[in-house]
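Engineer:
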Amino acid sequence: MIYGDKKTKVLVQGATGNQGAFHINLMNEYAREVGGFGVVAGVTPGKGGQEVHGVPVYNSVREAMAEHDVTASVLFVPGKVAGDSIMEAAYNGIELVVAITEHIPVHDAMKAIAYAKLNGCSVIGPNCPGTLTPGELKLGIMPAHLSKKGNVGVVSRSGTLTYEVVNELTMKGIGQSSVVGIGGDPVIGQTFVDVVNRFADDGETKAVVLIGEVGGNLEEEGAIAARDAGLSLVTYIAGVSAPPEKRMGHAGAIIAGGEGDAKSKIKRLEALDVTVARKPSDIPVLLREIL
Amino acid sequence: MKLLEYEAKDIYRKYGIPVGFGFVISSPDEIDGRIRDFGDEVVVKAQVDVGGRGKAGGVIIAKTADVREESEKMFAKQIKGVPVEKILLEEKLPIEKEYYVSITIDRSRRENVIIFSSEGGVEIEQTARENPDAIRKIWVSPLLHDIPSFMLRNLLGDAPKELAPVINDLYRVFCENDGILVEINPLVTTSKGVFAADGKFIVDDNALYRLGIEVNRDLTERERRAESCGFSYVELSGQIGVIGNGAGLTMSTLDMIEILGGKAANFLDVGGGAGEDRVCSAVKLVAEMPGVKVIIVNLLGGITRCDEVARGIVKAGVSQQVLVRLAGTNEAEGREILNKNGYKMLPTMDDVVSEAVDACKEAAL
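Protein sequence lines, in the order shown, are assigned to chains S and H.
If you count by our numbering, then the first sequence holds residues 1 to 291, one letter each, in order.
If you count by our numbering, then the second sequence holds residues 292 to 656, one letter each, in order.
Following this line, the structure appears as structure tokens:
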């Protein structure tokens, strides 16, 4: 358990849209399966009084908080308003915001994340699939059936690539303590370092799989944090073949000014004595070797 | 998206950053009657998005009397292969000293970072190699509207304090116009004051809507079409078309192609909830790229419905071989639809990539 457990009560902002409604249902299916609370309230301005899959919808976070003691919020609002929604959650005392939303202007994200931090609120994402602690809690859109309870923590900048790796691990009989998608944008709240530190404090995690990609240097920082915490680590970096100056799907996946390319990232990781997998299917094999 | 120099300077001007007298022309006829405010000399600057523009002949200093002729010559040029459609004519500034300033986002610190160098007019990378002590940096919280004075003092060191307000104005340009990178190189001191002698500005693609920009010029026509379908799409130059869902998985597919000795033709991320029509348009889009011999569809997801994806592939009905890896709900139905229509579905990402690379090698023999 690193971001919550069965007892975590969850809010969804952007509850009445297609995505929000769809995933409220899936999150609550999972909550029923594991015996957790799941999503207890939703917020969509102007839609207060409605219900989505049996979950009451409020006009504002404040109204929802008056009726429910939620501590985490999952965001499905459009990019244009997502910065505002993060700040609304933080202002009202929510401790954790998981921002699924894609295409948030980077200045909005940067401001909202800084504001959230001032208010003691952590932000996962934006542009992320959220987090899953098997047997405890699903916050976001990760397909829970691919996952299996165990002792390997998975942290990644990607969505589907994470599912690919989790699927490979599960098929090889390696379970996961928690899986966290930190998001593909250039500015994100929880970084590899933050998540690795949570893994270190979590009694369940024995080794960490870190899935990074081109752009920035957050992977190297995460690897150092894992080493300092004494956690075994296997990494994989996507984008070895990515050309410079091209945005590879994720706004953050861009090699700019000669920085953040996969090959030099891998070199720096190897210089730290970190195991780097060449392809996703190698990860379970390498993990077996170090465990 | 990258703005051109004159567009960047239009924004600078609005924020009170001095940019020197000048105007932009699309044809030499637009010069008539407008040059009397220049002195003896005019700077003729091609408005092209090309690095090292000056060295490539995109910037010249002309006698004011010859400016029409020089502009005609410039319009006839290609700067590193880019045709010149607009020219900025500017007064020649009496430069005393050149400085460098840029603002970007520090991803690790999640703050704006301002980089200043007392050696302007050269690329910052070169200064970083040859004289790193000339470079100073400050980090400013995104919650601050202005740069605190003490930070500006630290940033400037011995440089003239007249630069400080200009740098603060540039910070506002950056924050209030969704900047990814803003750079003035050189920022110059003259007998008439401080001027931005050049201007570079890259804006956030996610914020174009509020900057009033409708068309992202950095994209090719096909990339724009893909964007309007909601795809992330990048054109490359190989023979293997790639369609995936999720940026990471798609990138990883491209990497495996390279590791196995193949070359990808493109990157296409169809995004979440890939239904029949989206998959169909994605396959068609990739198939129309010249040189594509085989197409990989690699989709994985809890909510991706394999039967819908399969129908989309069949509906596209392209002439190239399509190799499919699907994992999600209704896998068996999806496989049946594909097999019945002569398409091959493979169990893993490794399988689909190695088969595609082999198919290309065979085609080359």
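Glycine residues also receive a C-beta, built at the ideal position from the N, C-alpha and C atoms.
Values in this document were obtained by computation on a predicted structure and should not be read as measured data.
(1) Once the 5 residues before and after H:Lys371 are set aside, which same chain residues still bring their CB inside 6 angstroms of it?
(2) Using 8 angstroms as the cut-off, can you tell me whether the stretch 404 to 422 of chain H makes contact with the stretch 321 to 341 of chain H, which would need three or more C-beta pairs spanning the two stretches below that distance?
(3) Of the residues H:Val577, H:Phe486, H:Pro581, H:Phe366, which one's Cα is nearest the Cα of H:Ile604?
(4) In terms of alpha-carbon separation, which member of H:Leu380, H:Arg501, H:Val615, H:Leu510 lies closest to S:Gly106?
(5) Among S:Asn127, S:Pro45, S:Glu67, which has the Cα closest to the Cα of S:Gly79?
(6) Counting only the same chain and skipping the five closest in sequence on each side, list residues whose C-beta sits under 6 angstroms from that of S:Ala229.
(7) DSSP three-state call for H:Asp340: helix, strand or coil?
(8) Helix, strand or coil: how does DSSP classify S:Ile104 here?
(9) Would S:Asn217 pass as an interface residue toward chain H - the criterion being a Cβ-Cβ separation below 9 angstroms?
(10) By the three-class DSSP mapping on this structure, what secondary structure does H:Glu414 have?
(11) Over the uninterrupted beta strand (DSSP E) stretch that includes H:Ile475, give me the two end residues.
(12) Just how far apart, CA to CA, sit H:Ser482 and H:Lys377?
(13) If we cut at 9 angstroms on Cβ distances, does H:Ala299 have a partner in chain S?
(14) Would the beta-carbon of H:Phe522 fall within 9 angstroms of that of H:Met542?
(15) Please decide whether S:His68 counts as near chain H, where near means a Cβ-Cβ distance under 9 angstroms.
(16) What's the gap between the Cα of S:Lys47 and the Cα of S:His250?
(17) DSSP state of S:Ile266, grouped into three classes?
(18) Does the CB of S:Gly79 have a neighbour CB from chain H at under 9 angstroms?
(19) Taking only three categories from DSSP, how would you classify S:Gln19?
(20) Across which residues does DSSP place H:Phe407 in a beta bridge pair?
(21) Please state if the CB of S:Val187 and the CB of S:Gly140 are separated by a distance shorter than 9 angstroms.
(22) Assign S:Leu118 to one of two classes, buried (16 or more other C-beta atoms within 10 Å of its C-beta) or exposed (fewer than that).
(23) Check whether chain S comes within 9 angstroms of H:Met542, counting only Cβ atoms and requiring the distance to be less than that.
(24) At a Cβ cut of 7 angstroms, what residues of the stretch 94 to 107 of chain S count as close to chain H, listed as they run along the chain?
(25) How is the alpha helix (DSSP H) around H:Thr620 delimited, first residue to last?
(26) Between S:Glu29 and chain H, is the shortest Cβ-Cβ distance under 9 angstroms, so that the two count as touching?
(27) Could you tell me which of H:Lys368, H:Asp495, H:Val315, H:Phe441 sits nearest to H:Ile396, measuring between CA atoms?
(28) Output needed in chain order: residues of the stretch 149 to 172 of chain S with a Cβ under 8 angstroms from some Cβ in chain H.
(29) Please state the DSSP three-state secondary structure of H:Met636.
(30) On a Cα-Cα basis, can you pick out the residue from H:Met636, H:Leu614, H:Val613 that is closest to H:Glu624?
(31) From this set, H:Glu402, H:Leu461, H:Val485, H:Val585, which residue's C-alpha is nearest H:Glu289's C-alpha?
(32) Does the ligand FAD have a heavy atom nearer than 8 angstroms to the CB of S:Lys263?
(33) Just mark H:Leu434 as buried or exposed, buried being the case when its beta carbon has 16 or more other beta carbons within 10 Å.
(34) Just checking: is the beta-carbon of H:Ser572 within a distance shorter than 9 angstroms of some beta-carbon in chain S?
(35) Determine the direct distance from the alpha carbon of H:Leu617 to that of S:Gly20, and round the result to whole angstroms.
(36) Just to confirm, are S:Ile224 and S:Gly239 a CB contact at a threshold of 9 angstroms?
Structural biologist: The structure says:
(1) Val341, Ala347
(2) Touching, no.
(3) H:Val577
(4) Correcting the residue identity first, residue 106 of chain S is Val in this sequence and not Gly. Answer by Cα proximity: H:Arg501.
(5) S:Asn127
(6) Contacts found: Ala200.
(7) coil
(8) coil
(9) yes
(10) coil
(11) The continuous beta strand (DSSP E) containing H:Ile475 extends over residues 470 to 481.
(12) About 30 angstroms.
(13) no
(14) Not a contact, by the Cβ cut-off of 9 angstroms.
(15) no
(16) 32 angstroms
(17) helix
(18) For S:Gly79, the nearest CB of chain H lies under 9 angstroms from its own CB, placing it at the interface with that chain.
(19) helix
(20) H:Val392, H:Arg427
(21) No. Outside cutoff.
(22) exposed
(23) Chain S contact via Cβ: present.
(24) Taking 7 angstroms as the Cβ-Cβ cut-off against chain H, the residues of the stretch 94 to 107 of chain S that qualify are His103, Ile104, Pro105, Val106, His107.
(25) Where H:Thr620 is concerned, there is no enclosing alpha helix (DSSP H), although the beta strand (DSSP E) it sits in stretches over 612 to 620.
(26) No, S:Glu29 lies away from the interface with chain H (no Cβ there is under 9 angstroms from its Cβ).
(27) H:Asp495
(28) Ser156, Arg157, Ser158, Gly159, Thr160, Leu161, Thr162, Tyr163, Glu164, Asn167
(29) If DSSP states are grouped into helix, strand and coil, H:Met636 belongs with the strands.
(30) H:Met636
(31) The structure shown does not extend to residue 289 of chain H, since chain H spans only 292 to 656, so no value can be given for it.
(32) The ligand FAD is not among the ligands present in this structure, which contains no ligands whatsoever.
(33) exposed
(34) no
(35) 25 angstroms
(36) no
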